[in-house]
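What follows is a short report on a single structure.
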Amino acid sequence: MTAVHRITEATAGHHGRPVYELRGVTKSYARGNLKALDRVDLTLNEGGFASVIGPSGCGKTTLLKIMAGLVPPTGGSVYLQGTPVTGTRRDIGMMFQHATLFPWRTTIENIVLPIEIRDGRAAAKAKHADALALLDLVGLKGFEHRRPGDLSGGMAQRAAICRMLITEPAVLLLDEPFSALDELSRDFMNMELQRICMERQATAFLITHSIPEAVILSDVVYVMSPRPGTFVETVEIDLPRPRTLDMMTDRKFGEYVRHIRTHLDKGAFL
Ligand SMILES: Nc1ncnc2c1ncn2[C@@H]1O[C@H](COP(=O)(O)OP(=O)(O)O)[C@@H](O)[C@H]1O
Ligand SMILES: [Mg+2]
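Each residue of the sequence shown is one higher than the last, beginning at 1 in the UniProt record's numbering.
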């Protein structure tokens with residue numbers, strides 16, 4: 001296979017300077033005496049989009065929580081912007097499978113909530129103009145005073161994107177953010193995510209179950225082994241940007257998908 005070439009971890013992604021650096025990250029959960037992660041090395045470069053794909057239960061969410069400072073690793077080190085991650089930080093934005101908006105708050109009140117928690121009500125109020133600009137960015141203009149009950153699943157996820165971006169994080173950690181959506185909405189949201197990341201030059205790290213989603217969005221895809229999770233393959237995706245959904249019918253796209261699938265299948269029987 002010529003279109004797909006392996007690269008070393010150290011050179012993954014051809015963007016700017018390293019933003020995240022993980023070395024030998026290991027995680028054992030005392031409860032159940034269970035080893036979830038085994039010596040994960042990862043470098044995320046500024047402005048790059050990386051994905052991780054792996055079987056259910058292999059430790060993907062654990063990895064993301066460690067990167068976010070929500071869970072301490074048992075071994076190894078995690079550096080963000082040159083300083084060790086020892087707890088939650090302002091320069092990290094996170095998004096999960098479910099939007100988890102508060103139903104009694106309006107869309108805009110949900111979006112400025114991280115600011116309210118961090119800096120108080122006045123600061124949150126002062127961010128309303130920024131929140132409106134973000135709503136415009138994700139195509140939710142006019143929905144600022146509606147409550148989550150009035151929003152579709154895709155709209156709620158878009159509001160969750162705004163809530164993630166309001167603190168202007170340097171990195172976006174995304175744990176299967178669109179997997180609850182139907183395929184059409186998901187394709188659309190993926191293109192939106194790409195646009196937002198390109199506009200804001202964000203560094204993104206996406207966990208997904210979908211190989212096509214990983215390939216269409218990423219500069220580099222990491223394939224994880226079953227638990228204890230570790231990276232077994234690194235695939236650089238050499239497709240031009242901006243990516244379009246049409247590219248999913250390209251021969252090269254199909255080769256990437258097959259290549260990753262082969263490694264996932266192999267990993268499942270290790
Ligand atoms: N807080 C916890 N305590 C004990 N075991 C956990 C905890 N969180 C996750 N695990 C276990 O660690 C493994 C990896 O979980 P997770 O990171 O959620 O995997 P994934 O996101 O890849 O599906 C699973 O076997 C899971 O049951
Ligand atoms: Mg998970």
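Glycine included, each C-beta is placed from N, C-alpha and C at the ideal position. Remember, it's a predicted structure, so these values are computed and weren't measured experimentally.
Would you kindly check if the distance between the Cβ of residue j and the Cβ of residue i is under 8 Å?
i	j	result
G32	M224	no
A36	G229	yes
I207	D175	yes
I161	V112	no
L44	T234	no
P177	F96	yes
A50	S210	no
Y256	V215	yes
L63	Y20	no
G57	R227	yes
In its own chain, which residues sit with a C-beta less than 6 Å from the C-beta of residue i, not counting the 5 before and 5 after it?
i	result
A170	D91
L140	R158
A123	I115
R17	E46
G75	T26
Excluding five sequence neighbours on each side, which residues of the same chain lie with their C-beta closer than 8 Å to the C-beta of residue i?
i	result
T61	D175, I207
D41	E9, L22, R23, G24, V25, F231
V110	A small correction: the amino acid at residue 110 is Asn; Val does not occupy that position in the sequence shown. These residues qualify, in order along the chain: L101, F102, P148, A159, R163.
Between the C-alpha atoms of residue i and residue j, what's the straight-line distance to the nearest angstrom?
i	j	result
L193	S77	29 Å
T106	R39	43 Å
M248	M191	12 Å
F102	M155	14 Å
L184	V85	37 Å
F143	K125	17 Å
G87	R261	35 Å
F205	V52	8 Å
L134	M189	15 Å
E168	D150	26 Å
K266	P212	18 Å
D136	T83	34 Å
L131	D238	Looking at the sequence provided, one finds Ala at residue 131 rather than Leu. Rounded to the nearest angstrom, the two C-alpha atoms are 34 Å apart.
R118	H263	43 Å
M198	G120	30 Å
Going by beta carbon distance, what residues of the same chain come within less than 7 Å of residue i, once the five residues before and after it are set aside?
i	result
A180	Q97, H98, G153
D187	L245
M164	G93, M94, M95, L172
R146	T106, T107
Residues near ligand 2, criterion Cβ-heavy atom distance below 7 Å: Output, sorted by chain position: K60, T61, D175, E176, I207.
Three-pair Cβ contact test at 8 Å for the segment 239 to 246 versus the segment 64 to 82: By the criterion of at least three beta-carbon pairs nearer than 8 Å, the segment 239 to 246 is not in contact with the segment 64 to 82.
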